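Novice: Structure incoming, see below.
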Amino acid sequence: MTESRPPSDGPVAGLRVLDLSTVFAAPYVGGLLRDLGAEVLRIEPPGKLDQTRGGSFGPYLDNAPGDDGWNWSGTFHSLNRGKRAIALDLKQEAGREILWALVGQADVLLENFTPRVMRGWGMSYAELSTVNPRLVMLSNTGYGSNGPWSSFKAQGTTLEATMGLNFYSGYAGMRPRKVGQSYPDFLAAWIGLTAILAALIERRTTGTGRWIDLGMYELGGVVLPEAFLAAQAGIPLEPRTGDRELGVLVSGVVLAKDPEDWLAVGIVDDAALAAAGAVVPGLPTRVAGPADETAALAVLARWAAERTAAEAAEELQARGIAASPVSDVRGLLQDPQYAARRFFEWIVVKDQERPVVGRPYRWHGRTDVRVRGRGPLFAEHNDEVLNELGLSTERVAELREARVVVDRPSTPPPGPADLRAGLAGGVFRELDPNYREFLAATRRAPSEPTTEPEGA
Amino acid sequence: MTGAQAAVTPLDGVRVLEVGRGRSTPFAARVLADLGADVTKVESPEGDPTRGIAPHYVTDSGEERGALFEYLNWNKSAISLDPATQRGELDRLIARTDVLLVGDDLAQLRRWRLDPDGLLDAAPDLVVVTVTPYGTTGPKAEWVATDLTMQAGGGVMAFSGTSDREPLKRGLFATTYEVGLTVAYVAEVGVYAAREGAGGTFADVSMSECVSSELVMTVPEYTFAGAISARRRATVDPFSAGAPLAVGDGFVTVQTNPQSGPAKFAEFFGEDRFNDPRFATAEGRSLHAAELEQVFTEALAGQDPRDFFADASRFGLLTGVLQSADQLLTSTQLAARHAFVEMPGTLGGKPWRMPSVLPGLRGAVTVRPAPALGEDNARLLDLQAVSP
Chain A
12 MTESRPPSDG PVAGLRVLDL STVFAAPYVG GLLRDLGAEV LRIEPPGKLD
62 QTRGGSFGPY LDNAPGDDGW NWSGTFHSLN RGKRAIALDL KQEAGREILW
112 ALVGQADVLL ENFTPRVMRG WGMSYAELST VNPRLVMLSN TGYGSNGPWS
162 SFKAQGTTLE ATMGLNFYSG YAGMRPRKVG QSYPDFLAAW IGLTAILAAL
212 IERRTTGTGR WIDLGMYELG GVVLPEAFLA AQAGIPLEPR TGDRELGVLV
262 SGVVLAKDPE DWLAVGIVDD AALAAAGAVV PGLPTRVAGP ADETAALAVL
312 ARWAAERTAA EAAEELQARG IAASPVSDVR GLLQDPQYAA RRFFEWIVVK
362 DQERPVVGRP YRWHGRTDVR VRGRGPLFAE HNDEVLNELG LSTERVAELR
412 EARVVVDRPS TPPPGPADLR AGLAGGVFRE LDPNYREFLA ATRRAPSEPT
462 TEPEGA
Chain B
6 MTGAQAAVTP LDGVRVLEVG RGRSTPFAAR VLADLGADVT KVESPEGDPT
56 RGIAPHYVTD SGEERGALFE YLNWNKSAIS LDPATQRGEL DRLIARTDVL
106 LVGDDLAQLR RWRLDPDGLL DAAPDLVVVT VTPYGTTGPK AEWVATDLTM
156 QAGGGVMAFS GTSDREPLKR GLFATTYEVG LTVAYVAEVG VYAAREGAGG
206 TFADVSMSEC VSSELVMTVP EYTFAGAISA RRRATVDPFS AGAPLAVGDG
256 FVTVQTNPQS GPAKFAEFFG EDRFNDPRFA TAEGRSLHAA ELEQVFTEAL
306 AGQDPRDFFA DASRFGLLTG VLQSADQLLT STQLAARHAF VEMPGTLGGK
356 PWRMPSVLPG LRGAVTVRPA PALGEDNARL LDLQAVSP
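Here's what the structure looks like:
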């Protein structure tokens, strides 16, 4: 759109993204677009802080929020890496005027308000595209823009049940369970990126953008085809089977030598069973039903109890059998595979290096994809962005006076999290007093892909 | 076939060659096909093993075909080649494509003798995306995986399930399909860059790392504050953990946020016990989870879970209701969104539908049925003979 592109080196270098979104899904879309080289600007409200800037969604750096804790949440820096940020009151006309000016220069707009909010501001896609027909806009909502539930508020944690995911997760014969962190948000992030990139590719030929009306609710079924097929074919499907996998001969999780050192195994067919039998003494040579599978898992459990999960997985994988330790965060940070592929990338926060989740692919080409620095502090780029828009110093002062532009959230600074209560309440398994030393050791460990030894 | 409305096809003119077996890669290619890409699936003569997975549906001409294969491969063309003798044919197809997707394992690259770096040398604007359990480099490149072991190694299971039991996986193959969504967008990034004049790309996707990419809160809890997420107790704070609560013949979920805290639930239920100071913070609720669940159980007694969900949502609360595939198929909200695709033929003797990707972008569309093995051999192999 603009002829003079900012210097950047990613595959989508030159794209300008406006990010009005909060929490996980759409901010993550923006963070990953930034890794790809886009310029991403967050617009945050003066008072209603993004939940990932603090509180239970946002662990503060060393749990020491100080008097500006909203600037030091690890979750926020993970999701919003490399972005800039301004704080703007969009409930005021003058705030929306600035947004209109930014929209005029933008390629992509990310938002996750309930559908009435942008409409109420006169900023529906139809209206925004009159000033910028090339705009690609992602509206990530709970239920989409239309239908009887479209005005309902939603968050990943509650949607996970509604969209079908929880029904099929849980221990056999037990109540449904949530698995993972906020799964619907990640489905929405990946599909949101898919839709945005498709629209950007299309725009190269048509010259016009698109509105992407994404309802997270409708994403559950997409990843559950087996459930929809069973339901319509009239085939009984056990809704919850724990760690037993559909179509796999023997699958489960057994405890290895040490506490909390678990091994996951998937023996897919008779050939794999025979191969496993060469490693695991006493494993049945034939598995014909659930009783046989249970017996096989008992043999695997006895065998695993004499070795670490990492050793057990190595032995099984050497015979071509799917097996893996159940990794926790420390396990991932130490995993020689993740180290060799440099999955975690390091950002600098308050002069300290900390790792954040990178991307699940290595990118080999003329363009570079990487985490381009920490997330923005609250209102960090107010003056820079308003100056770029050509606003005079006097005008910016007026906007500050009217609290259209603010430099500090109007909410009180958060206190530290009560991690000990989290431990006592079973939210955390362990508080590691030496985590900084652990991270420093991880940072120092060699991670050359060609020379990485096992069991680093 | 004609759709209920014209299909939106933003990827019109993007050519994709899928050398895929399994779930992730074929699903990624199908998502691209839904968005308008011209997708050709290449199979060896024995075919993608998912062709044989039950249940089978019956086509209009009375033929039985795998229903899951249909879901993963609609809107595609198909070519069958013998990797031992027709490798040259594959090279000619690759020379005519924008994107090459290969997966779901390293064996698939070997079967077809595909070397991404070599392919890029020959076709500098090509986008090659490989999909393997751990990526094609590193000490675990040769490791194989199932959905279970991928989730285990990816880090989501250690804190899923209950503390008194083994780590728990996510159900069915949701996570394996989720990988396909990442593959789809990564392929598009490559196409975008190539068209911007930035050349071709080899993107090496690790399925395990796709799982780990979900951990944007669990990782910083440790790397910023030293806390390791736990598998929770059997009874957890329903306001922060997303745990389904038993109500009548079903389950509901509830969540608080800074704008809608326990007080709003107290107001909705007319139940002052939600205002108990012990329930004011997540830490307090985790210590008194059983008491809070008891208050919910009493407040929800005798309610229909779906009525509670609708009433509470209209009141502005964050809430959900547990639903199965059967219930989603009859959801009025999903119907209003045109969230299902009408499938060809019959399944279980009846017409059948499957979830659509991006209904809010694509509109209500029908699909071109999945191809038979080698269905397009004559058309597509002839084409390349005419214009090499």
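Protein chains in written order, with the working numbering: chain A, 12 to 467; chain B, 6 to 393.
Beta carbons are placed, not taken as given, at the ideal position from N, Cα and C, and that holds for glycine.
This one's a predicted model, so the numbers in the text were calculated from it and none came from an experiment.
When we look at the beta-carbon of residue 93 of chain A and count the other beta-carbons within 10 Å, is it buried (16 or more) or exposed?
Specialist: Classification of residue 93 of chain A: buried, given that the 10 Å Cβ count is 16 or more.
Novice: Helix or strand or just coil, what does DSSP make of residue 385 of chain B?
Specialist: Residue state, collapsed to three classes: helix.
Novice: For residue 262 of chain B, write down the residues that DSSP places opposite it in a beta bridge.
Specialist: In the DSSP output, where bridge partners are listed per residue, residue 262 of chain B has B:265.
Novice: Does the Cβ of residue 145 of chain B have 16 or more other Cβ atoms within 10 Å, making it buried, or fewer, making it exposed?
Specialist: With 16 or more other Cβ atoms within 10 Å, it is buried.
Novice: In the DSSP assignment, the beta strand (DSSP E) including residue 23 of chain B goes from what residue to what residue?
Specialist: Start and end: 20–25.
Novice: Start and end of the beta strand (DSSP E) containing residue 148 of chain A?
Specialist: Its beta strand (DSSP E) spans residues 147–152.
Novice: The beta strand (DSSP E) with residue 374 of chain A in it runs from where to where?
Specialist: Element bounds for residue 374 of chain A: 372–376.
Novice: Of all the alpha helix (DSSP H) runs that stay within the bounds of the segment 271–354 of chain B, which reach a length of 4 or more residues?
Specialist: 287–292, 294–305, 310–319, 330–334, 337–341, all fully within the segment 271–354 of chain B.
Novice: Tell whether a beta-carbon distance below 8 Å holds between residue 123 of chain A and residue 152 of chain A.
Specialist: Yes. Within cutoff.
Novice: Which parts of the segment 341–406 of chain A are runs of the beta strand (DSSP E), unbroken and 3 residues or longer, counting only runs that do not cross its ends?
Specialist: As far as the segment 341–406 of chain A is concerned, its whole beta strand (DSSP E) runs of at least 3 residues are 355–360, 363–368, 372–376.
Novice: Are there 16 or more other CB atoms within 10 angstroms of the CB of residue 58 of chain A, so buried, or fewer, so exposed?
Specialist: Counting Cβ neighbours within 10 Å, residue 58 of chain A comes out exposed, since fewer than 16 surround it.
Novice: Under 8 Å, do residue 164 of chain B and residue 245 of chain B count as touching if we go by C-beta distance?
Specialist: No, Cβ-Cβ distance for residue 164 of chain B and residue 245 of chain B is not below 8 Å.
Novice: Where does residue 398 of chain A land, buried or exposed, given buried means 16+ other C-beta within 10 angstroms?
Specialist: By the neighbour-count rule (16 or more Cβ atoms within 10 Å), residue 398 of chain A is not buried but exposed.
Novice: Taking all protein chains shown into account, do 16 or more other C-beta atoms lie within 10 angstroms of the C-beta of residue 399 of chain B, making it buried, or fewer, making it exposed?
Specialist: Any answer about residue 399 of chain B is impossible in this case: the structure gives chain B only from 6 up to 393.
Novice: Chain A partners of residue 56 of chain B, CB-CB under 9 Å?
Specialist: Simply none; closest approach about 14 Å.
Novice: Looking only at its own chain, which residues have a Cβ that is under 7 Å from the Cβ of residue 268 of chain A, when we skip the five neighbours before and after it?
Specialist: Same-chain partners within the cutoff: 316, 317, 318, 319.
Novice: In whole angstroms, give me the CA-to-CA distance for residue 30 of chain B and residue 232 of chain A.
Specialist: When rounded, the distance between both Cα atoms is 18 Å.
Novice: Tell me which same chain residues have a C-beta within less than 8 Å of the C-beta of residue 455 of chain A, skipping the five on either side of it?
Specialist: Around residue 455 of chain A: no qualifying Cβ.
Novice: Who does residue 263 of chain A pair with in a DSSP beta bridge?
Specialist: Its beta-bridge partners are A:276.
Novice: Just list the alpha helix (DSSP H) runs in the segment 121–203 of chain A, keeping only unbroken ones of 4 residues or longer that don't cross its boundaries, in chain order.
Specialist: Correct list: 127–131, 136–142, 167–173.
Novice: Report the option in A:74, A:271, A:100 whose CA atom is closest to the CA atom of residue 410 of chain A.
Specialist: Selected option, being the one with the closest Cα: A:100.
Novice: May I ask you to list the residues that DSSP assigns as paired with residue 256 of chain B?
Specialist: Paired residues: B:251.
Novice: For residue 172 of chain B and residue 183 of chain A, what's the separation of their Cα atoms in angstroms?
Specialist: Each residue's alpha carbon lies about 13 Å from the other.
Novice: For residue 293 of chain B, which residues from the same chain have a beta carbon less than 6 Å from its beta carbon, with the 5 sequence-adjacent residues on both sides left out?
Specialist: Cβ neighbours of residue 293 of chain B beyond the five flanking positions: 283.
Novice: With 16 as the cutoff for other CB atoms within 10 Å, does residue 362 of chain B come out buried or exposed?
Specialist: Buried.
Novice: In this structure, does DSSP put residue 460 of chain A in helix, strand or coil?
Specialist: Here the model assigns residue 460 of chain A a pLDDT of 42, short of 50, so the residue's position is not dependable, and the following value carries that caveat. Residue state, collapsed to three classes: coil.
Novice: Are the segment 167–184 of chain B and the segment 353–367 of chain A touching by the rule of at least three beta carbon pairs closer than 8 Å?
Specialist: Taking 8 Å as the limit for Cβ pairs, the verdict is that the segment 353–367 of chain A does not touch the segment 167–184 of chain B.
Novice: Can residue 364 of chain A be considered in contact with the ligand MG, in the sense that its beta carbon sits closer than 7 Å to one or more heavy atoms?
Specialist: As far as ligands go, the structure on display features none, and thus does not contain the ligand MG.
Novice: If you draw a straight line from the C-alpha of residue 70 of chain B to the C-alpha of residue 246 of chain A, how long is it?
Specialist: Using only the alpha carbons, I get a separation of about 16 Å.
Novice: Using the DSSP secondary-structure output, state which residues sit across from residue 197 of chain B in a beta bridge.
Specialist: None, per the DSSP bridge assignment.
Novice: Could you give the distance in angstroms between the alpha-carbon of residue 419 of chain A and the alpha-carbon of residue 251 of chain A?
Specialist: The straight-line gap from Cα to Cα measures roughly 48 Å.
Novice: Is the beta carbon of residue 275 of chain A less than 8 Å from the beta carbon of residue 335 of chain A?
Specialist: Their beta carbons are under 8 Å apart, which means residue 275 of chain A touches residue 335 of chain A by this criterion.
Novice: Look up residue 71 of chain A in the DSSP assignment and say whether it is helix, strand or coil.
Specialist: Reduced to three states, the DSSP call for residue 71 of chain A is strand.
Novice: Going along the chain, which unbroken runs of the beta strand (DSSP E) with 3 or more residues stay wholly within the segment 24–76 of chain A?
Specialist: Counting whole runs of 3 or more residues, the segment 24–76 of chain A contains the beta strand (DSSP E) stretches 27–30, 50–55.
Novice: Use the C-beta contact count for residue 329 of chain A: other C-beta atoms within 10 angstroms, 16 or more gives buried, fewer gives exposed.
Specialist: It counts as exposed.
Novice: With H, G and I counted as helix, E and B as strand and the rest as coil, what does DSSP make of residue 222 of chain A?
Specialist: The answer is strand: DSSP assigns residue 222 of chain A an E or B state.
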